[in-house]
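Line by line, the protein sequences are chains A and B.
FYI, in the working numbering the residues of the first sequence are 19 to 86.
FYI, in the working numbering the residues of the second sequence are 3 to 949.
Every residue, glycine too, gets a C-beta built ideally from N, C-alpha and C.
First the structure, in the form of structure tokens, and then the observations on it.
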Amino acid sequence: MDIERLRYMANQIARNLAPQGEAAAVDATFQHLRDFWDPRMKAGILGGEREGLDPIAKAAVERLASPA
Amino acid sequence: MGYERQADFGTPEVTSDIAVTLTVDGREVTVAAGTSVMRAAGQCGGDIPSLCATDSVKAFGSCRMCLVEIEGRRGTPASCTTPVEPGMVVHTQTPKLAKLRRSVMELYISDHPLDCLTCSANNDCELQDTAAQVGLRDVRYGYDGANHLGAEIDTSNPYFDFDASKCIACSRCVRACDEVQGTLALTIDGRGFASKVSAGQTGDNFLSSECVSCGACVAACPTATLQEKAVKEIGKPERAVVTTCAYCGVGCTFRAEMKGEQLVRMVPWKDGKANRGHSCVKGRFAWGYANHQDRITKPMIRDSIDEPWREVSWDEALGYTAGKLNSIKAQYGARALGGITSSRCTNEEVWLVQKLIRSGFGSNNVDTCARVCHSPTGYGLSKTFGTSAGTQDFDSVMDADVVMVIGANPTDGHPVFASRLKRRLRQGAKLIVIDPRRIDMVRSPHIEAQHHLALQPGTNVAVLTAMAHVIVTEGLAAEQFIRERCDWDEYQDWAGFVAQDRHSPEALEPVTRVPAETLRAAARLFATGGNGAIYYGLGVTEHSQGSSTVMSIANLAMVTGNIGRRGVGVNPLRGQNNVQGSCDMGSFPHELPGYRHISGKEVRDSFEADWGVALDPEPGLRIPNMLDAAIDGSFRAIYIQGEDILQSDPNTHHVAAGLKAMDLVIVHDLFLNETANYAHVFLPGSTFLEKDGTFTNAERRIQLVRKVMEPANGLQDWEVTQELAKAMGLGWNYQHPSEIMDEVARLTPTFAGVSHARLDAEGSLQWPVNEKAPDGSPIMHVDGFVRGKGKFMVTDYVPTDEKTGPRYPLLLTTGRVLSQYNVGAQTRRTGNNVWHQEDLLEMHPLDAENRGLKDGDWTRLASRTGETTLRLTVTDRVAPGVVYTTFHHPATQANVVTTEYSDWATNCPEYKVTAVQVLPSNGPSEWQESYASWSEKSRRIKRVAAE
Chain A
19 MDIERLRYMA
29 NQIARNLAPQ
39 GEAAAVDATF
49 QHLRDFWDPR
59 MKAGILGGER
69 EGLDPIAKAA
79 VERLASPA
Chain B
3 MGYERQADFG
13 TPEVTSDIAV
23 TLTVDGREVT
33 VAAGTSVMRA
43 AGQCGGDIPS
53 LCATDSVKAF
63 GSCRMCLVEI
73 EGRRGTPASC
83 TTPVEPGMVV
93 HTQTPKLAKL
103 RRSVMELYIS
113 DHPLDCLTCS
123 ANNDCELQDT
133 AAQVGLRDVR
143 YGYDGANHLG
153 AEIDTSNPYF
163 DFDASKCIAC
173 SRCVRACDEV
183 QGTLALTIDG
193 RGFASKVSAG
203 QTGDNFLSSE
213 CVSCGACVAA
223 CPTATLQEKA
233 VKEIGKPERA
243 VVTTCAYCGV
253 GCTFRAEMKG
263 EQLVRMVPWK
273 DGKANRGHSC
283 VKGRFAWGYA
293 NHQDRITKPM
303 IRDSIDEPWR
313 EVSWDEALGY
323 TAGKLNSIKA
333 QYGARALGGI
343 TSSRCTNEEV
353 WLVQKLIRSG
363 FGSNNVDTCA
373 RVCHSPTGYG
383 LSKTFGTSAG
393 TQDFDSVMDA
403 DVVMVIGANP
413 TDGHPVFASR
423 LKRRLRQGAK
433 LIVIDPRRID
443 MVRSPHIEAQ
453 HHLALQPGTN
463 VAVLTAMAHV
473 IVTEGLAAEQ
483 FIRERCDWDE
493 YQDWAGFVAQ
503 DRHSPEALEP
513 VTRVPAETLR
523 AAARLFATGG
533 NGAIYYGLGV
543 TEHSQGSSTV
553 MSIANLAMVT
563 GNIGRRGVGV
573 NPLRGQNNVQ
583 GSCDMGSFPH
593 ELPGYRHISG
603 KEVRDSFEAD
613 WGVALDPEPG
623 LRIPNMLDAA
633 IDGSFRAIYI
643 QGEDILQSDP
653 NTHHVAAGLK
663 AMDLVIVHDL
673 FLNETANYAH
683 VFLPGSTFLE
693 KDGTFTNAER
703 RIQLVRKVME
713 PANGLQDWEV
723 TQELAKAMGL
733 GWNYQHPSEI
743 MDEVARLTPT
753 FAGVSHARLD
763 AEGSLQWPVN
773 EKAPDGSPIM
783 HVDGFVRGKG
793 KFMVTDYVPT
803 DEKTGPRYPL
813 LLTTGRVLSQ
823 YNVGAQTRRT
833 GNNVWHQEDL
843 LEMHPLDAEN
853 RGLKDGDWTR
863 LASRTGETTL
873 RLTVTDRVAP
883 GVVYTTFHHP
893 ATQANVVTTE
903 YSDWATNCPE
913 YKVTAVQVLP
923 SNGPSEWQES
933 YASWSEKSRR
943 IKRVAAE
């Protein structure tokens with residue numbers, strides 16, 4: 019999957035959840051990726067560079083990498 | 003059932019807490035206070051003759067046929083205009099009345115053609131019946147006097163004729179247009195003997211008038227004056243079957259009136275709870291596509307999309323398809339396969355397609371057209387209220403005091419609901435319209451919105467947050483409701499957020515372009531005007547903030563206490579006939595039926611136990627992700643039932659590239675649609691007239707679809723899917739769709755009490771239907787939200803990334819017209835084309851003048867993704883800087899221009915905001931010409947000679 023597209027999607031999710039406050043937004047963005055993204059999309063974002071991800075999206079992707 | 007006219011009690015039903023008992027012809031009857039004597043007589047089996055009375059419109063009292071005698075009263079009052087009174091003793095059949103009625107009838111017949119035997123309404127004519135009923139044997143006046151027998155017949159409408167020579171000037175048609183449809187296109191022109199029904203202005207005919215061809219006048223006409231052309235051609239129907247319309251999400255029920263296997267006409271069913279006996283031009287008349295010559299009725303296959311189609315037997319087609327699917331699965335894995343369910347198909351058919359994908363293909367790569375329309379509704383209402391559907395039934399609007407219509411165009415998209423809404427507005431309810439375009443609801447006969455917020459496209463969240471700001475900061479919040487029904491802490495967080503100065507109407511005016519005072523007035527009206535109901539459409543959802551807007555709407559309903567009773571609520575006007583049902587049936591890649599996440603082990607266990615297979619616990623791909631993955635090479639095969647993604651989905655070039663990249667594209671449809679140009683297998687589909695099953699409308703109302711004729715291809719769609727499943731090795735053996743619904747009920751708690759037998763007995767049921775609500779749920783969240791406490795979601799305005807600039811200075815927004823439906827596959831193959839033969843581009847006069855463009859000019863519409871050409875309509879319906887078009891015609895393919903920007907939560911495309919430039923053009927674009935040529939080549943069929 020095109021990593022640029024996946025990054026754009028993750029950032030867009032994070033940007034819209036940001037008004038909840040940083041901690042809640044990271045949590046909500048992580049849950050969104052976990053609950054709505056197909057495994058190849060998850061693998062794509064996890065396998066790509068974190069550069070280009072905004073801080074909330076980046077933190078959510080980090081959590082997706084090690085959900086525990 | 004055989005053919006019988008629908009029951010008609012002469013005057014509308016009245017509701018009252020007070021009961022009145024009277025005696026009619028010696029029979030005691032108890033009715034609601036305010037009921038007419040005519041209706042009371044009808045309810046106890048009486049049959050008072052009448053001509054100007056019909057129960058879809060108010061009593062008129064003009065024909066003088068329904069006279070009665072009432073003990074203790076002088077004279078012979080008209081029973082239609084006389085209300086019942088306690089103890090009243092009424093006589094409907096006396097020698098005096100018989101004489102009076104016969105005399106009146108003589109006058110009618112003296113100016114009526116005596117051609118009953120050759121008249122198309124013979125044996126189905128109220129005038130004929132009434133003449134027989136009153137015992138008319140002679141006309142003393144003769145037939146030589148002045149008359150209207152030479153009146154010209156108006157045949158301009160594609161579906162019905164107006165023969166003024168047969169008109170008795172009863173005004174039923176005029177009143178139906180006024181009261182039922184609310185268009186007020188008809189009038190009685192002239193006075194006395196010169197009185198005649200007239201459509202529009204002098205010189206107009208029905209086609210050129212304001213008439214919207216809803217058919218209400220035709221249904222109301224007691225003679226052959228207004229009659230369907232099909233009845234004239236085919237003759238009187240001989241049987242009728244009640245079924246459900248396959249157009250929009252209103253879910254009108256109709257009597258399909260048949261002669262043998264031939265459909266004569268569709269007549270709105272008076273007992274239908276969604277439409278209450280009304281219809282629109284699509285459902286009433288635009289069913290000719292079912293027998294159109296373009297129908298494909300034989301399966302076809304080809305190895306490459308460059309080859310012509312080859313007609314094959316069902317066995318060969320299904321064997322070929324199953325073999326390819328199994329082979330791709332073996333080579334690339336289950337997640338390389340997926341499919342799209344159809345919101346035009348039945349619940350049972352959708353259920354089977356998603357079951358085939360989950361249990362046969364082995365992936366959760368299932369999606370549906372809701373992805374591109376109301377997926378944000380599912381997300382937003384689920385987060386705030388706990389359920390993915392609207393809260394009310396359509397009847398609820400009759401108790402609304404303030405109606406807010408946001409991003410919807412009900413007169414065109416949901417016309418039968420629009421008529422109900424207009425009726426309520428004529429009764430005095432207030433209207434707020436939030437829409438960039440001046441839709442008809444803003445101002446039309448006897449209707450005028452109190453406030454039209456003509457916002458800049460893409461700023462819905464800003465407008466709704468500003469409204470919330472006004473309500474909170476001016477102390478208009480419904481605090482008691484919020485404390486009782488919502489999470490108070492969450493409310494306080496949300497209220498603090500919206501109360502910030504940056505969310506005030508004044509601060510946001512430069513963004514929304516809505517004058518702050520107008521917005522404040524609208525917010526005050528909604529918060530203080532009584533029952534507030536919100537109706538919204540794709541102008542809300544098809545944005546990069548579609549889900550945020552839905553949540554903003556839910557917030558607004560909660561903060562004003564407008565949830566959980568009649569007259570209020572949040573009401574998504576769903577697009578396709580069964581889009582609610584297709585979502586309910588598990589068409590989303592992350593959810594099993596009933597909106598339960600695929601990762602939930604307990605839910606998954608129940609399906610695995612029932613279906614006998616292991617299910618993938620991970621979410622699947624959405625449609626746009628499927629296309630991305632196809633280009634990427636990890637998604638190889640798709641089964642598309644009843645959906646034309648090439649024409650309906652955004653960025654046509656990208657859709658084409660995705661389809662072209664797949665090894666196997668299976669299209670299951672009525673016609674060789676645009677998507678089929680990229681398909682390898684075509685499985686012919688069946689129309690709604692050819693199948694049994696159920697549709698679920700926007701009110702969550704489940705209604706039966708009944709087969710009225712045999713499928714032209716030999717199989718109903720559920721049977722095709724079952725045969726494909728069998729060919730893949732699955733042991734399915736459903737004998738009837740009712741068995742599929744039994745499985746739905748077994749596995750889906752909200753459908754637990756639903757069965758075909760119950761639907762047949764009760765007409766319809768609104769889910770949830772279960773132990774807690776055994777008779778269904780017309781209104782949701784009555785005693786509490788489904789999720790427990792209502793959740794206020796903080797939503798902030800985030801501008802779309804689709805920006806205007808010097809190269810693309812205008813904003814394009816798209817929509818639809820009354821006469822066409824979605825991609826037009828059905829309506830373009832009917833007489834509806836007379837109203838809309840091509841997609842047109844609406845542009846404000848200032849923008850047109852700046853570009854040297856005038857009405858009717860060819861224009862080149864270009865965006866960052868593509869360009870097309872279409873002709874211009876110059877109109878101030880749109881604001882300067884905004885242009886508008888429809889997407890009904892493949893020759894235009896408006897979606898060549900739309901982008902892949904989409905809703906952040908659901909990937910619902912942002913159809914409503916595309917930065918474009920519009921310039922003069924000499925003709926079709928290069929792409930249009932090359933696509934037309936490609937399309938023609940791709941549709942070649944190698945016919946098999948008949949055996």
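- Cβ-Cβ separation between H376(B) and R576(B): approximately 6 Å, consistent with a contact (criterion under 8 Å).
- By the neighbour-count criterion, in which a residue is buried when 16 or more other Cβ atoms sit within 10 angstroms of its Cβ, D180(B) is buried.
- With a beta-carbon spacing of about 16 Å, T875(B) and L921(B) fall beyond the 8 Å limit used to define contacts.
- Counted as a single uninterrupted DSSP element, the stretch harbouring Q494(B) is not any beta strand (DSSP E) but the alpha helix (DSSP H) occupying residues W490 to V500.
- Rounded to whole angstroms, the gap between the alpha carbons of P847(B) and W860(B) is 15 Å.
- Per the Cβ contact rule, the stretch 34-47 of chain A is not in contact with the stretch 603-611 of chain B (fewer than 3 Cβ pairs under 8 Å).
- W906(B) belongs to the set of residues whose beta carbon lies under 7 Å from a beta carbon in chain A.
- Beta-bridge analysis with DSSP links I642(B) to I342(B) and V669(B).
- Annotation: the stretch 388-431 of chain B contains the following complete segments of the alpha helix (DSSP H) (minimum length 4 residues), in chain order: 412-415 and 417-428.
- For N34(A), at least one C-beta of chain B is nearer than 7 Å to its own C-beta.
- Here R174(B) really is in contact with V59(B); their C-beta atoms are around 7 Å apart, less than 8 Å.
- A288(B) sits in coil when the DSSP states are folded into three classes, being neither helix nor strand.
- Residue pairing of Y143(B) in beta bridges, as defined by DSSP: absent, with no partner found.
- Where H454(B) is concerned, the enclosing beta strand (DSSP E) starts and stops at H453 to L455.
- Each residue's CA atom was taken as its position, placing F673(B) and R941(B) some 11 Å apart.
- Neighbours of G622(B) in chain A, taken as residues whose beta carbon is under 7 Å from its own, are D56 in chain order.
- L685(B) is not a Cβ neighbour of R360(B), given a cutoff of 7 Å.
- For R23(A), the residues of chain B that pass the 7 Å Cβ criterion are D630, in the order they occur in the chain.
- In this structure, the alpha-carbon of F208(B) lies about 22 Å from that of I236(B).
- Listed along the chain, the chain B residues whose CB falls inside 9 Å of the CB of I31(A) are W906 and A907.
- A straight line joining the alpha-carbon of L648(B) with that of N675(B) spans about 9 Å.
- For T56(B), the CB contacts under 6 Å within the same chain, skipping 5 residues up- and downstream, are D10, R174 and A222 in chain order.
- Taking 9 Å as the Cβ-Cβ cut-off, the stretch 779-797 of chain B approaches chain A at M795, V796 and T797, given in chain order.
- CA-to-CA, the gap between R598(B) and Y886(B) works out to about 38 Å.
- Closest by C-alpha distance to M302(B), out of D296(B), N293(B) and E313(B), is E313(B).
- Under the DSSP definition of a beta bridge, S200(B) partners with T189(B).
- From the listed residues T413(B), F387(B), V444(B) and A402(B), the smallest Cα separation to Q429(B) is found for A402(B).
- Interface residue (Cβ-Cβ distance to chain B less than 7 Å): P73(A) is not classified as such.
- Around R945(B), the same chain offers E313 as residues with beta carbons nearer than 7 Å, after the five sequence neighbours per side are excluded.
- Here D156(B) is bridged, per DSSP, to F164(B).
- Per DSSP, the unbroken alpha helix (DSSP H) holding A763(B) starts and ends at H758 to E764.
- The three-state secondary structure of F62(B), taken from DSSP, is coil.
- For Q49(A), the nearest beta carbon of chain B is not closer than 7 Å to its own beta carbon.
- The beta carbons of R487(B) and G786(B) sit about 7 Å from each other, so the pair counts as a contact at 8 Å.
- In this structure, the straight-line span from the alpha carbon of A36(A) to that of G733(B) is close to 49 Å.
- Membership of D630(B) in the alpha helix (DSSP H) is indicated by the continuous run I625 to D634.
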